[in-house]
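*Asks:* Sharing a structure here in structure tokens format.
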Amino acid sequence: MSENAKKVGAILDKYSHAGRDALIPILQEIQEALGFLSKDAIAQTGKRLGLPASKIYGVATFYNQFRFQPKGRHHITICRGTACHVKGSDKVLDSACSTLKLQPGQTSRDRMFSLETVACMGACGLAPVITINEEFNAKVNPRKIVRLAQDCKEHSTEEKK
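Per numbering that gives the first Met the number 0, numbering of the sequence shown is gapless, rising by one per residue and ending at 160.
Right under this line is the structure:
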């Protein structure tokens, strides 16, 4: 049994008498433990709760808090709230997608970057806003996101030396 399967099993053991009403808290705990919801974790949860994996995926994909891939070393979150949208977050997102060659919800093969969007970060006065590993960057434009991504790559290269 893999280490991740053991972690998921321990979480599911805490909910031994739970039904489908505990699905969201279970998924939250699994994601906290693993960093994302793996196919194996979903299958294991489905077996334990007597739910098909498709039902679990249906619930998990409804909420944007759940990830199906691990975060990259540089996790970029782009705000899509009203203030950020008005100030050009759509162009920032397009630039991020083309620079990183990722779509929201994806992680690069080398696990250097992951990208996601959120409905609002609550920093409307700084719009458009992004975070990189939970560090805020204000008034981001398409050129700035390219520079920030390059800085991350350079920083990671320096760490390897």
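Note that the Cβ used here is the ideal one computed from N, Cα and C, for glycine as well. Predicted model, so just to flag it, every value in this text is computed and none were measured.
Looking at C-alpha atoms only, which residue of Pro24, Phe65 and Ala17 is the closest neighbour of Arg47?
*Replies:* Of Pro24, Phe65 and Ala17, the residue nearest in Cα terms is Ala17.
*Asks:* Which of the three DSSP states is assigned to Leu114 in this structure?
*Replies:* Strand, per DSSP.
*Asks:* Where does Cys78 sit, in a helix, a strand or coil, going by DSSP?
*Replies:* Residue state, collapsed to three classes: strand.
*Asks:* Can at least three beta-carbon pairs, one atom from the stretch 95 to 102 and one from the stretch 44 to 59, be found at a separation below 8 Å?
*Replies:* The answer is no - the stretch 44 to 59 does not touch the stretch 95 to 102, with fewer than three Cβ pairs under 8 Å.
*Asks:* What residues match up with Asn136 in a beta bridge as DSSP calls it?
*Replies:* In DSSP, Asn136 forms a bridge with Ile129.
*Asks:* Could you spell out where the alpha helix (DSSP H) holding Thr106 opens and where it closes?
*Replies:* It is not in any alpha helix (DSSP H) - Thr106 carries neither H nor E in the DSSP assignment.
*Asks:* For the alpha helix (DSSP H) containing Pro24, list its first residue and its last residue.
*Replies:* Note, Pro24: alpha helix (DSSP H), Leu22 to Leu33.
*Asks:* Quick one: Cα of Ala95 to Cα of Gln43, how far?
*Replies:* Cα-Cα distance, rounded: 35 Å.
*Asks:* Does DSSP put His173 in a helix, a strand or coil?
*Replies:* With the chain running from 0 to 160 in the structure shown, residue 173 is simply not present.
*Asks:* In whole angstroms, what is the alpha-carbon distance linking Asp109 and Phe35?
*Replies:* Cα-Cα distance, rounded: 17 Å.
*Asks:* Roughly how many angstroms lie between the CA atoms of Met0 and Lys54, to the nearest whole one?
*Replies:* Roughly 25 Å between the two C-alpha positions.
*Asks:* To the nearest angstrom, how far is it from the Cα of Val7 to the Cα of Ala40?
*Replies:* Those two C-alpha atoms are separated by around 6 Å.
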